[in-house]
Structures are given as structure tokens and as C-alpha cells.
Amino acid sequence: MIRIAQPEIGEEEIAAVNAVMQSGILAQGSRVAQLEEDFAKYCGTKYALAINSGTAAIHAALHAAGIHEGDEVITVPFSFIATINPILMTGATPVLVDIDPGTFCMDVTKLEAAITSKTKAIIPVHLYGQTANQDEINEIAKRHNLIVVEDACQAVAAEYKGRKAGNLGDLGCFSLYATKNIMSGEGGMVTTNNEAYANAIRRFRQHGMSAPYMYDELGYNYRLTDLQAAIAIEQLKKVDRFTSARQANAALLRDGLKGIKGLIVPEVAADRNHVYHQYTIRITKDFPISRDEFVEALHAKDIGAGVYYPLALHTYPHIAKLDYKLGDFPEAEKAAAEVVSLPVHPAVTAEDVKTIVSAIKELVHA
Ligand SMILES: *Cc1c(COP(=O)(O)O)cnc(C)c1O
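Numbering (the numbering used here), first residue to last: 1 to 366.
Here you go:
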């Protein structure tokens, strides 16, 4: 089986976890502090705060941004559910802007029309590892006094005009979940250049605590452990190698798959460094078989193709009840019907890519 995701765990990660075990200090401690220093340096931000998931990262970032009930937060209808749920956790209302069909990121030409007097923040999603149109988003945000929270959960190491994801808005949110480009099993990071935001996140992840047993406000237990931080520190040292391997596989997939009728290879916009968390193609109605048949056929050939994501977010019951219906975001709905992600991670070999490409070509000629 050529898996759709496979974390690379080396001797370094194992030794680092062992060292934490031997130290006897397992919860948030010196490894978390080290990870925060390394991650901020990597992204080019003043601060990075470790947290126990990407979902918690977005929740904490929205809290730091002062989002609460009555506010509106703009995001996209085509992403993982954890982009939108944290908006609901704060009590605010998500407002959706359709995606650009080429990049799968927010269609910035539709952004301004979604802004109301209640809008407080925008969450662009750097989907599949390619950053959104950040200059346009930042410019609109500035004009309307809005806070920009990047959902960079799929985009560690991605760049926009030479700047790293996580350093493109007011706050950046990352996931260290096992399938992400770097991982610690579960985990997350928030990046920012704003000291007040950094302090708010430090409190929020620890019960709203500002000093021992001083609880200033409602908070959570969102701490990362030193065991996880030890893994992430080693993964971060390898991130550039992981990224190059993904990009090399993406280039081979592109060469092998371009020019097939009804199959659209991913588009990379100008000034982006796409890190291919997913290599996502579209199977349109011009392809000989349907998208779902395509996925099944690849599975039958031991190729772990995946659909990210099969439904647009506004069609899930708890979002739909906010007064959304099918047809509201045609590009998101179309993407959900057409996308297929192919294995692209560092453990995929050039030989594996050949296997994937010839399996797909057989489907064309079957
Ligand atoms: C993974 C992911 C999240 C959530 O991260 P978790 O660590 O799983 O909580 C949020 N948004 C996007 C786009 C993701 O891919």
C-alpha cells in the first residue's frame, strides 16, 4: 500500500522522547520552551506558543484577538472542520466566502462583500500547503480594521513573497497532528509578533492563569507536553528536507499527469512556495469514470488516494443551521465533488510515483 500519509520517525525523535522520559519531567517544561524558540525563529516571528492541537491553536488565537459572542469571523467553506469550529467555540458567527477554483484558497474578490459592522477577523486557510492571496487579504483587513488569523495548519514552511506562513497575518495557527508536514502525534503552535497576543495565549492555554493561582479569566488546559515538544523539535530540524521531498514528488506527479483529459493538476499561484501537504487533483466529468470510482479504483491498486474534503463546510448540520443551503458556495461544492489527493509525502519514492501515474493512465484507457 502506498499510504496517503506517513510520519517519518527517526532515531532522533526516539532518542529525544527517551531523554524526556529519563528526565522525569513530562508535561510543559524545557522542551516546550525550546520548541517555541525554534519555531518562532523558523517562521520569522517574535513569538511562538505551543498548544495541544491545531484546533486549540485557532481557538486560542481567536480568543487573543478578542473575538466573542456577537462578532462575525470570515473564513472559507472548503477546509477541514477545525477551521470553523473554533469560531463557534468563541460564540462568534462564521461568515463564509467562496474559494478560488484554481488555488482552493479564499476568493479575495468576494471578501469585501462579506464584511459587516460585526466583522472582527478573517481566517484565510493555506489549503493543501499553498498560502492564500495574503496581500489582498491584509489590505482589506487593514482598511476595515480586522484581525487576520492564518489557518496555516497544512502550511508549515510555505512561503508568500519570500515570507513564511505564520508571519503573514496577525496570528498564525499550526497543527502538529500525525499526518501534517511536521508532527508530534497531536499538537499545535500559534505564531505572532504581538506581545499582548502572546501573553493572552499563554494564559488561555493554562486556565486563564496570569501568575500562580491567579485566574484572570476563563481558560482551558491546552498545554503541549515535553514528550510531544521533543518530537516536534527534531521534526522541525528536518522540515526543509521533508518539504523538498514533497516538492520533488509533486513535480514528478505533475509531469506524469499533465495533459490527461478530465484530470486537472494543482495550480501554483505566483510568488508562492507550495509545500504540498496534499497533492490534490480534480477529476471532472470529462474523465472516463467518476471521482468516487477513481478513488475506489486506486484503492484496489493499493494506492491510498484520499478525498479532502468530501463536503463543503456549510452543508454540515451545525453550520447549515446558520442559514446556509446547498448552492450558496458553488466553487466549494464543486471542489468537494471533484478533488482527490494523491500520496506525495517524503516516504513516497520516485518508483511509487511511477506506479501511481501508470495506475491512473490505465483508468483513462480502461
Ligand atoms: C489539521 C487541521 C486543523 C486542526 O488541527 P488539529 O491538530 O487536528 O486540531 C485545522 N485546520 C486545518 C486546515 C487542518 O488541516
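Where a beta carbon is used, it is the ideal one built from N, C-alpha and C, also for glycine.
Because the structure is a prediction, the values reported are computed rather than measured.
Q) Do Arg272 and Thr83 come within 7 Å of each other at the CB atom, strictly closer than that value? A) Taking the C-beta atoms as reference points, Arg272 is found no nearer than 7 Å to Thr83.
Q | Continuous alpha helix (DSSP H) assignments of at least 4 residues falling wholly in the region 124-184 | A | 134-144
Q.
What does DSSP give as the partner residue(s) for Glu72 in the beta ladder?
A. Thr93, Thr119, per the DSSP bridge assignment.
Q: With a threshold of 6 Å, establish whether the CB of Gly188 neighbours any heavy atom of ligand 1.
A: yes
Q.
I'd like the list of long-range same chain contacts for Arg31, defined as Cβ closer than 7 Å, with 5 residues on each side in sequence excluded.
A. Short of 7 Å from the beta carbon of Arg31, and not among the five residues preceding or following it, lie these beta carbons of its own chain, in chain order: Val20, Asp226, Ala229, Ala230, Ile233.
Q | Reference Thr116, options Tyr276, Thr280, Thr93, Thr103, closest by Cα | A | Of Tyr276, Thr280, Thr93, Thr103, the smallest CA-CA separation from Thr116 is found for Thr93.
Q) Ends of the beta strand (DSSP E) at Thr192? A) 188-192 is the span of the beta strand (DSSP E), which, as asked, contains Thr192.
Q.
Considering just the uninterrupted stretch of the beta strand (DSSP E) at Val32, what are its terminal residues?
A. Here Val32 belongs to no beta strand (DSSP E); instead the alpha helix (DSSP H) covers 30-43.
Q. Hey, out of Pro77, Ile319, Pro343, whose CA is closest to Asn249's CA?
A. Pro343
Q: Label Tyr308 either buried or exposed according to how many other C-beta atoms from any shown protein chain fall within 10 Å of its C-beta, with 16 as the threshold for buried.
A: buried
Q) Pick from Asp302, Met1, Ile74, His63: whose alpha carbon is nearest that of His314? A) Ile74
Q) Per the contact definition of three or more C-beta pairs closer than 8 Å, is the region 181-199 in contact with the region 49-64? A) yes
Q) Hey, how far is the Cα of Thr45 from the Cα of Arg241? A) Cα-Cα distance, rounded: 21 Å.
(Q) Just to confirm the assignment: which complete alpha helix (DSSP H) runs, minimum length 4, are found wholly within the region 323-362? (A) 330-338
Q: Within 10 angstroms of the Cβ of Asn181, are there 16 or more other Cβ atoms? Answer buried if so, exposed if not.
A: buried
Q. Which of the three DSSP states, helix, strand or coil, is assigned to Tyr197?
A. When secondary structure is reduced to three states using DSSP, Tyr197 falls in the helix class.
Q: Kindly examine ligand 2 and report whether one of its heavy atoms sits closer than 6 Å to the Cβ of Ser341.
A: Ligand 2 is not among the ligands present in this structure, which contains only ligand 1.
Q: Buried or exposed for Asn167, please, with buried defined as at least 16 other CB atoms from any protein chain shown within 10 angstroms of its CB.
A: Label assigned to Asn167: buried.
Q. Does at least one heavy atom of ligand 1 sit under 6 Å from the Cβ of Asp170?
A. no
Q) So what's Met106 in DSSP terms, helix, strand or just coil? A) strand
Q: Classify Leu227 as helix, strand or coil using the three-state DSSP reduction.
A: If DSSP states are grouped into helix, strand and coil, Leu227 belongs with the helices.
Q | Inter-residue spacing [alpha-carbon to alpha-carbon] between Phe294 and Ile319 | A | 29 Å
Q. Taking the C-alpha atoms as reference points, what is the distance between Glu362 and Asp323?
A. 44 Å
Q) What is the residue span of the beta strand (DSSP E) that Ser210 lies within? A) 209-211
Q | Within 7 Å, strictly: CB atoms of Ala152 and His126 | A | The criterion of a C-beta distance shorter than 7 Å is satisfied by Ala152 and His126.
Q. DSSP on Leu311, reduced to helix/strand/coil?
A. Coil.
Q: Taking only the alpha-carbon atoms, compute the straight-line gap between Leu62 and Ala251 and give it to the nearest angstrom.
A: In this structure, the alpha-carbon of Leu62 lies about 36 Å from that of Ala251.
Q: With a threshold of 16 other CB atoms inside 10 Å of the CB of Glu383, please say whether the residue is buried or exposed.
A: Nothing can be reported for residue 383: it is not among the residues displayed for the chain, which extend from 1 to 366.
Q: Compute the distance between the beta-carbons of Leu311 and Ala332, then report whether it is under 7 Å.
A: no
(Q) For Val76 and Ile58, which I take to be in contact (beta-carbon distance under 8 Å), what is that distance rounded to the nearest angstrom? (A) The beta-carbon distance between Val76 and Ile58, rounded to whole angstroms, is 13 Å. This is too long to meet the 8 Å contact definition.
Q: For Gln278, write down the residues that DSSP places opposite it in a beta bridge.
A: Paired residues: none, contrary to the question.
Q: Compute every distance between the C-beta of Asp151 and the non-hydrogen atoms of ligand 1, then say whether any falls below 6 Å.
A: yes
Q | Limits of the alpha helix (DSSP H) - the one that Leu49 falls within | A | For Leu49, no alpha helix (DSSP H) segment is defined; the enclosing uninterrupted segment is the beta strand (DSSP E) at 47-51.
Q: Quick one: grab the DSSP three-state call for Gln6.
A: coil
Q: Take Met106 as the anchor and find which of Thr90, Pro124, Gly91, Lys120 has the nearest alpha-carbon.
A: Pro124
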